[in-house]
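Colleague:
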Amino acid sequence: MSEQRPSLRMMRPDLERLPPMEPVLAALPAGYTFRTYRPGDEAGWTTLMNTGEMGTWTVERTLDELTGRPQFDRDGLFLITVGPDEQAVGSACAWLPDYAETETGILHMVCVLPDHRGKRLSYAVCLAVLHRFRQRGFRRVTLSTNDWRLGAVKVYLELGYQPVYRHPMHPQQWQEVIQKLQWAGQIVPVVEQVGAASAS
Ligand SMILES: CC(C)(COP(=O)(O)OP(=O)(O)OC[C@H]1O[C@@H](n2cnc3c(N)ncnc32)[C@H](O)[C@@H]1OP(=O)(O)O)[C@@H](O)C(=O)NCCC(=O)NCCS
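Spelled out as structure tokens, the structure:
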């Protein structure tokens with residue numbers, strides 16, 4: 018892991034030409050169920066997030082920082098569950114920098130439980146977030162990630178996110194990521210003018 022390397026930013030600059038959800042849901046492996054948030058999901062979501070190298074979560078923190086916040090959209094947290102007790106094994110959340118935001122959404126808390134990775138479950142929940150933002154009239158969606166989260170970056174590229182260059186190291190980091198992924202798709206970086214000291 019590269020603690021000294023700046024995190025990466027990506028953006029889907031528009032919400033046109035989204036792949037339809039139906040074939041993606043139809044292609045989920047047997048036994049997996051796709052749904053939106055229900056009150057009480059915090060415990061299962063917390064357990065899931067704690068497997069994602071995205072900080073340490075407790076149910077209280079999940080309530081304080083996510084589901085209890087005004088910008089939490091209960092129809093924008095998508096979960097994939099398994100089994101009769103509906104264990105949460107995949108998540109992605111439509112998030113906002115603040116409640117008043119109406120144009121630029123954030124893809125947040127993308128995670129799949131380790132035993133269930135390798136089945137492209139994250140693609141379905143991430144695509145659902147894009148559809149949710151389009152339904153709400155948003156123009157674009159951003160996300161933050163890291164250059165060592167190669168599986169996540171591949172899914173984001175497949176979904177039409179582009180690299181955002183906002184740090185002097187970003188072009189080099191992206192060159193390496195694209196090489197490691199052997200990504201042959203079109204890359205059109207979004208260049209943001211941000212001072213290197215404040216960019217991360
Ligand atoms: C990111 C994450 C959600 C993806 O889970 P998933 O939906 O099971 O994704 P997959 O494992 O099916 O991987 C998606 C693609 O990336 C590829 N991939 C995965 N890891 C890779 C790696 N280290 N190098 C290259 N490609 C990789 C897979 O082969 C797959 O491509 P393919 O379908 O063409 O074969 C999961 O790895 C995870 O929860 N990680 C920890 C949390 C995290 O990093 N979240 C993102 C925060 S920004």
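Sequential numbering from 18 applies to the sequence shown in the numbering used here. We put the CB at the ideal spot given by N, CA and C, even for glycine.
With DSSP run on the structure shown, which of helix, strand or coil describes G202?
Modeller: The residue given as residue 202 occupies position 185 in the sequence shown. Reduced to three states, the DSSP call for G202 is coil.
Colleague: What number of angstroms, rounded off, separates the C-alpha of D102 from the C-alpha of M186?
Modeller: Along the sequence shown, read from residue 1 onward, the residue named residue 102 stands at position 85. Along the sequence shown, read from residue 1 onward, the residue named residue 186 stands at position 169. Using only the alpha carbons, I get a separation of about 45 Å.
Colleague: Taking the beta strand (DSSP E) that H148 falls in, what are its first and last residues?
Modeller: Residue mapping note: residue 148 aligns to position 131 of the sequence shown, counting from 1. Here H148 belongs to no beta strand (DSSP E); instead the alpha helix (DSSP H) covers L138 to Q152.
Colleague: Determine the contact status of T162 and I123, defining contact as a CB-CB distance below 9 Å.
Modeller: Sequence index remark: in the sequence shown, residue 162 carries index 145 (1-based). Sequence index remark: in the sequence shown, residue 123 carries index 106 (1-based). No; because the gap between Cβ atoms is not below 9 Å, this pair is not in contact.
Colleague: Taking 8 Å as the cut-off, is the beta-carbon of T162 closer than that to any non-hydrogen atom of ligand 1?
Modeller: Walking along the sequence shown from the start, residue 162 turns up at place 145. Yes, the Cβ of T162 comes within 8 Å of a heavy atom of ligand 1.
Colleague: At which residue ranges does the segment 38 to 66 contain complete alpha helix (DSSP H) runs of 4 or more residues, listed in the order of the chain?
Modeller: Fully enclosed alpha helix (DSSP H) runs of 4 or longer: 38 to 43 and 59 to 66.
Colleague: Have a look at D81, T79 and C110 and flag the residue whose alpha-carbon is nearest the alpha-carbon of G93.
Modeller: Within the sequence shown, residue 93 is the residue found at index 76, counting from 1. The candidate whose alpha carbon is nearest that of G93 is C110.
Colleague: Under 8 Å: does the beta carbon of V181 sit that close to some heavy atom of ligand 1?
Modeller: Reading the sequence shown from its first residue, position 164 is the one you call residue 181. No, since every heavy atom of ligand 1 falls outside the 8 Å radius drawn around the Cβ of V181.
Colleague: If I follow the unbroken beta strand (DSSP E) through R29, where does it start and stop?
Modeller: Counting from 1 along the sequence shown, the entry for residue 29 is found at position 12. Element bounds for R29: L25 to R29.
Colleague: Locate the alpha helix (DSSP H) running through L174, then write down its first and last residues.
Modeller: As a position in the sequence shown, residue 174 is number 157, starting the count at 1. L174 -> alpha helix (DSSP H) spans L167 to E175.
Colleague: Report yes if the CB atom of Y173 is closer than 9 Å to the CB atom of M71, and no otherwise.
Modeller: Taking the first residue of the sequence shown as position 1, residue 173 is located at position 156. Taking the first residue of the sequence shown as position 1, residue 71 is located at position 54. It is not a contact, given that the beta carbons lie outside the stated cut-off.
Colleague: Out of Q152, Y178 and E59, point me to the one whose CA is closest to L96's CA.
Modeller: Reading the sequence shown from its first residue, position 79 is the one you call residue 96. Ranking Q152, Y178 and E59 by Cα distance to L96 puts E59 first.
Colleague: Looking at C128 and M65, is the spacing between their C-beta atoms short of 9 Å?
Modeller: Translated into the one-based positions of the sequence shown, residue 65 becomes position 48. Translated into the one-based positions of the sequence shown, residue 128 becomes position 111. It should be pointed out that residue 65 corresponds to Leu in this sequence rather than to Met. Cβ distance < 9 Å, so L65 and C128 count as in contact.
Colleague: Determine the closest residue to H151 out of P23, D31 and R22, with distance taken between C-alpha atoms.
Modeller: What you label residue 151 is simply residue 134 of the sequence shown in a count that begins at 1. With the sequence shown as reference, residue 151 is identified as Arg, and His is not the correct amino acid for it. The shortest C-alpha separation from R151 is found at D31.
Colleague: Hey, quick one: how far does the beta strand (DSSP E) through T98 stretch, first residue to last?
Modeller: Within the sequence shown, numbered from 1, the residue matching residue 98 stands at position 81. Per DSSP, T98 belongs to the beta strand (DSSP E) from L94 to V99.
Colleague: May I ask you to verify whether the segment 75 to 94 touches the segment 115 to 122, counting CB pairs closer than 8 Å and requiring at least 3?
Modeller: The answer is yes - the segment 115 to 122 touches the segment 75 to 94, with three or more Cβ pairs under 8 Å.
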